[in-house]
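Down below is the structure, laid out as structure tokens.
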Amino acid sequence: MMKHLIYILTFLISTLSFAQNETVFEQANTLYNEGKFDDALEKYKAVLETEQHSAALYFNMANAHYKLNHIAPSIYFYEKALLLKPNDKDIKNNIAYARNMTIDDIEIVPEVGFSRLIKTVTNTMSFDNWAKTAVGLVVFFVVLFMVYYFSYSTSKKRFAFVSSLACLLLVFVALAFAFHKYKLADNNRPAIVFAKEAQIKSEPNLRSSEAFKLHEGTKVQVLDTVSNWKKIKLSDGKTGWVASIDIKMVKNF
Amino acid sequence: MNTLKHITILFILLTSSITFAQVKFETKVSKTKFGVNERLRIDFVMNKDGDNFNPPDFANFTVVAGPNTSVSNSWLNGKHSYSKTYSYFLAPKRKGKIKINSATIEIGKNIFKTKAVTVEVTNAVKRPNDPDNVEGVASESIHLVAEVSKTDPYLNEAITVVYKLYVSTDIGVSNWREVDNPRYNDFWSQKIDVKGLRIQNGKYKGKDYRYVVLKKAVLYPQKSGKLEIEPLTLDLTVEVPTRRKNIFGGRHMAEVNRTVSAGSRTLNVKPLPEKGQPDDFTGAVGDFKFNVITSKSELNASESLQARVEVIGKGNLKLFELPKLTLPSSLEVYEPEHNENVRTNLGGMQGSISDNYTIIPQYRGKYPIPSVSFSYFDLQTETYKRVSSGEIIIDVIEGPINNSSGDDNLAIADSNKKGITLNSDQFAFVKTEANLQPILKNNFFKSAGFWSSLLVPFLVIPLAMFYRKKRDERNADVFGNKIRKADRLAKRYLSEAKKSLGNKEAFYIALEKALHNYLKAKLRIETSDFSKEKIEEILIERQVDEPTVIEFISILEHCELARYTPITNVEMQQDYEKAASTISIIDKEIK
């Protein structure tokens, strides 16, 4: 009886905080609309501190930062929003504005041919959705197999058999995509340069020569970490080491 | 004999003295004791012309001038006198007693020699020559001085060098020429033109002099340490008054060429302090103001905008680099135009230098020009100072949007053409739907739930196979099927009867009712029509076999009878089974 009470209580409290967050979020939006971006940001942060997030929250924070001309934070939060909703048009639109503010111009080495096709298809869904698709296809396969197994007419049997086999094949394809997407997501460790000007060294120590410089707001991929240094890769393929404090990882969830 | 010998000697002596009296060849020195900085005049005088004059080697002297030859013929009271002089001006090379060897000359057939002369060279004397010596006077009363404003400047601190020629009031300078123009190595130098030589009065070492400023230069040391300013050397024609007077009674002026040199000056250039030197220090020393100015802060895309990075002030303006603007890569920026507006005077360089950047934004949006900082060394406080420009935002109000960093300009141009899509190009407003979810999210993929839901459906297949196998087995067993069917029918209709098995009355009523019910359900016979004949008729009509019908009727009859006759349990059981089998047979046969 006591246990039940506690459960109910926690549930109530959690829904309460949820509702509270919603109102705080709306207050923040109002502040944003009034042009009080600093205050809006405080409110958004308060929501984030309750271990709750969403693409919309990150997007709004990024907008506020953009309005305040904070280059790196705005790009940082747009990237966070994009991680949750990679195909959102608003986010893509606004991040283009934010990227205009950055100093570095880094070319993107385009992927071509088959690998590009694979990547595009892989990126259409999250790995969870690929996994769900695979499960759905398995169910479908079993149903079709049953139809094949229990039906008497030849034409029905043939149709059911072929389509069930096709389903099975698709299960494996979906699984392959799920694994691929999982790997991609796992390897995707973006970070944003927060330092006004970050020196990229050729080795993870202060003695080594400077390979190149990066400026605030540039997105990099983190490949490796050695004590206080992170090995980074740019979209044009250049690599180097940067002090950990100069960049901020986008994925900390 | 002895007397004869004496006479001969006497005679020879006499004749020789006669010849001696006739030819005179001797050395005359102007002085036998003089300073090392003085000059010696040596004359070789003869009273008869001779050939092959051979002077001594003036080993310890430098021959300043000579040999000068002078000949004088004079007739006095019918007496002829002749003299020829070879004279040299010598400057001693060392101090001490110096022997000047004899000179030789051939007169007639004889070779004559002079006596060797010894002179003493003493330490340099203060006034090398007497006031009548023109050169001495000239060197006394002309001074070239290089005045340096500061002898221990900082690196890149402006210093001035002024060359002044001091001339004593009683001599004149008729002409001057620069022999050696100083080259200021390790300095950045700028000559300041002196317009016309203005004679001014001034004091040099406490004495009244007239002076002219010949040259002015501003120097910026480019190296720390001891630096030397090369001397300036002038060749002057000096007019010195002599004691001689010309026929008008005026003083005769002697012209003398003199070379004067300002002497080299050594500066001790201090390096700029290492401590507190900012990273962006590029060597600016002085007092500056730093500005970054943009011509507009709001504009449309593809309009141009000027950004000026400017340093104004006093210092080594031409000698450092202006900080570069770092601009967002999405702005089109042209090479900056460098402007210098610098005047150089004795105080150093003054004015402004600037870099003009032409910027053309391509896309809509905000472009921050990051703060640029400029550092310089302030000589007043001897510290480094840093000026930051502050961030400037350029707002591009209209224009296409930069969709991506790729070069899909075509698509952008396209979207710009369509009026409708313009709306989506605006900076999007915040989202109003929070859709919050916990940050800590469990992934479905690779979870136990995923694997089980992926694999469990496959288990259905063997289950289905097992089920089908069982079903087939059942179908194959005909007898068993019959029993099962009868059982089922019995269960459906005779369950009531079975319950009251053993209770005769109740059992037979229930059995009869069950049979009626069965017929009602199967043949849809109304209760009112429930006579045996009718049943028989209908059953036969429905193509039920004759014996089965009879069996059925007999059971019904038996039910009626049994109520009034004693019946054992075994009989009841038999009746029950009979009823069940009959129902199942009818069920099979009925059409």
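Going line by line, the protein sequences match chains A and B.
In the working numbering, each number is its position in the first sequence, counted from 1, plus 8.
In the working numbering, each number is its position in the second sequence, counted from 1, plus 144.
From the three backbone atoms N, C-alpha and C, an ideal C-beta is built for every residue, glycine too.
Quantities reported herein were computed from a predicted structural model and do not represent experimental measurements.
What does B:W219 pair with, by DSSP beta-bridge criteria? Position 75 of the second sequence, counting from 1, holds the residue named residue 219 of chain B. According to DSSP, which records beta bridges pairwise, B:W219 is partnered with B:H224.
Listed by chain order, chain A residues near B:G543 by CB distance under 7 Å: In the second sequence, counting from the first residue as 1, residue 543 of chain B sits at position 399. What B:G543 touches in chain A: nothing, since even the nearest Cβ is about 11 Å away.
Could you tell me the distance, in whole angstroms, from the CA atom of B:K458 to the CA atom of B:R342? Here residue 458 of chain B refers to the residue found at position 314 of the second sequence. Here residue 342 of chain B refers to the residue found at position 198 of the second sequence. If you take the alpha carbons of B:K458 and B:R342, they lie about 29 Å apart.
Can you have a look at A:H223 and say buried or exposed, based on whether 16 or more other CB atoms are within 10 angstroms of its CB? As a first step, residue 223 of chain A must be located in the first sequence, where it is residue number 215. Buried, by the Cβ-count rule.
To which residues of the same chain is B:L449 closer than 8 Å at the C-beta, ignoring the five residues directly before and after it? For the purposes of this step, residue 449 of chain B is identified with residue 305 of the second sequence, where counting begins at 1. Excluding positions up to five away in sequence, the list reads T438, S439, K440, L443, T502, I503, I504, P505 and I538.
Which parts of the stretch 413 to 443 of chain B are runs of the beta strand (DSSP E), unbroken and 3 residues or longer, counting only runs that do not cross its ends? 425 to 438
Go to B:A290, then tell me how far its beta strand (DSSP E) extends in each direction, as first and last residue. Locating residue 290 of chain B in the second sequence gives position 146, where the first residue counts as 1. Taken as a continuous stretch (DSSP letters only), the beta strand (DSSP E) holding B:A290 covers I286 to V292.
Proximity test, Cβ basis, 7 Å: A:N195 and chain B: Looking up residue 195 of chain A in the first sequence gives position 187. By this cut-off, A:N195 is not an interface position.
So which residues on chain B does A:Q60 lean against when the C-beta distance must stay under 9 Å? Reading the first sequence from its first residue, position 52 is the one you call residue 60 of chain A. Chain B residues near A:Q60: A578, L580, Q581, P582 and I583.
Comparing the C-beta of A:N260 with each C-beta of chain B, is any distance below 7 Å? Along the first sequence, one-based indexing puts residue 260 of chain A at 252. No - not a single Cβ of chain B is within 7 Å of the one on A:N260.
Rounded to the nearest angstrom, what separates B:G369 and B:P297 at their Cα positions? Taking the second sequence and counting its residues from 1, the one referred to as residue 369 of chain B is at position 225. Taking the second sequence and counting its residues from 1, the one referred to as residue 297 of chain B is at position 153. Computed Cα separation, rounded: 10 Å.
Identify, in the order they occur along the chain, each residue of the same chain with its Cβ nearer than 7 Å to the Cβ of B:L475, setting aside the five sequence neighbours on each side. Position 331 of the second sequence, counting from 1, holds the residue named residue 475 of chain B. Hits under 7 Å: I503, P505 and Y511.
Could you tell me which uninterrupted beta strand (DSSP E) segments, each at least 3 residues in length, are contained entirely in the stretch 130 to 214 of chain A, listed from first to last along the chain? 198 to 201 and 205 to 209
According to DSSP, is A:H78 helix, strand or coil? Against the first sequence, residue 78 of chain A aligns to sequence position 70. In this structure, A:H78 counts as coil in the three-state DSSP scheme.
Can you check whether the CB of B:V180 is closer than 7 Å to the CB of B:A260? For the purposes of this step, residue 260 of chain B is taken as residue 116 along the second sequence, with counting starting at 1. For the purposes of this step, residue 180 of chain B is taken as residue 36 along the second sequence, with counting starting at 1. Result no, Cβ atoms of B:A260 and B:V180 do not sit closer than 7 Å.
Euclidean distance between Cα positions of B:F233 and B:E291: For this step, residue 233 of chain B is matched to residue 89 along the second sequence. For this step, residue 291 of chain B is matched to residue 147 along the second sequence. Approximately 36 Å, taken between the alpha carbons.
Just list the residues that DSSP pairs B:N485 with in beta bridges. Start at 1 with the first residue of the second sequence, and residue 485 of chain B comes out as number 341. Note: B:N485 sits in a beta bridge opposite B:S496.
Per DSSP, the bridge partner or partners of A:H1: Because chain A is modelled from 9 through 261, residue 1 of chain A falls outside the range shown and cannot be assessed.
For B:A650, the nearest candidate out of B:H660, B:E681, B:E677 and B:A706 (CA to CA): To locate residue 650 of chain B, count along the second sequence from 1; it is residue 506. For B:A650, the nearest C-alpha among the options comes from B:A706.
Which of the three DSSP states is assigned to A:K259 in this structure? Counting from 1 along the first sequence, the entry for residue 259 of chain A is found at position 251. Residue state, collapsed to three classes: coil.
Could you work out which residue in B:A654, B:V574 and B:P582 is closest to A:E42 when comparing CA atoms only? Residue numbering aside, residue 42 of chain A sits at position 34 when the first sequence is read from its first letter. Nearest C-alpha to A:E42: B:V574.
Ordered along the chain, which non-local residues of its own chain (more than five positions away) have a Cβ less than 7 Å from that of B:Q366? Position 222 of the second sequence holds residue 366 of chain B. Around B:Q366: D330, F331 and W332.
Using a Cβ distance threshold of 8 Å, determine whether the stretch 244 to 252 of chain A contacts the stretch 183 to 192 of chain A, with at least three qualifying pairs required. no
So, helix, strand or coil for B:T295, using DSSP? Within the second sequence, residue 295 of chain B is the residue found at index 151, counting from 1. The answer is coil: DSSP assigns B:T295 none of H, G, I, E or B.
Which class does A:K93 belong to by DSSP, given the choice of helix, strand or coil? One-based indexing of the first sequence puts residue 93 of chain A at position 85. Residue state, collapsed to three classes: coil.
If we count Cβ pairs, one from each stretch, closer than 8 Å, do we get three or more for the stretch 467 to 482 of chain B versus the stretch 106 to 124 of chain A? yes
Select from B:I727, B:D621 and B:V714 the residue whose C-alpha is nearest the C-alpha of B:R632. By one-based count along the second sequence, residue 632 of chain B stands at place 488. Nearest C-alpha to B:R632: B:I727.
Which word fits B:G543, buried or exposed, when buried means at least 16 other C-beta atoms lie within 10 angstroms of its C-beta? Residue numbering aside, residue 543 of chain B sits at position 399 when the second sequence is read from its first letter. That one is buried.
With 7 Å set as the bound, which would you pick, yes or no: does the beta-carbon of A:V155 sit closer than that to a beta-carbon of chain B? Taking the first sequence and counting its residues from 1, the one referred to as residue 155 of chain A is at position 147. No, because no Cβ of chain B sits closer than 7 Å to the Cβ of A:V155.
Inter-stretch contact (C-beta, 8 Å, three-pair minimum) for the stretch 609 to 623 of chain B and the stretch 160 to 172 of chain A: no
Below 9 Å between beta carbons is the criterion; list the residues of the stretch 169 to 198 of chain A that meet it against any residue of chain B, in chain order. V179, L183, A186, F187, K189 and Y190
Chain B beta carbons: is any one of them nearer than 7 Å to that of A:T111? The residue you call residue 111 of chain A lines up with position 103 of the first sequence. Just to set this straight, residue 111 of chain A is Ile in the shown sequence, not Thr. With 7 Å as the cut-off, A:I111 counts as an interface residue toward chain B.
Per-residue burial, B:N254 [other beta carbons within 10 Å of its own, 16 or more giving buried]: In the second sequence, counting from the first residue as 1, residue 254 of chain B sits at position 110. Per the 10 Å Cβ criterion, exposed.
Mind checking if B:I537 is an interface residue toward chain A, Cβ cutoff 7 Å exclusive? As a position in the second sequence, residue 537 of chain B is number 393, starting the count at 1. B:I537 counts as touching chain A.
Residue interval of the alpha helix (DSSP H) (run including B:I727): Residue mapping note: residue 727 of chain B aligns to position 583 of the second sequence, counting from 1. Per DSSP, B:I727 belongs to the alpha helix (DSSP H) from N713 to E733.
Any beta-carbon of chain B closer than 7 Å to the one on A:V150? Along the first sequence, read from residue 1 onward, the residue named residue 150 of chain A stands at position 142. Judged by the 7 Å Cβ criterion, A:V150 is in contact with chain B.
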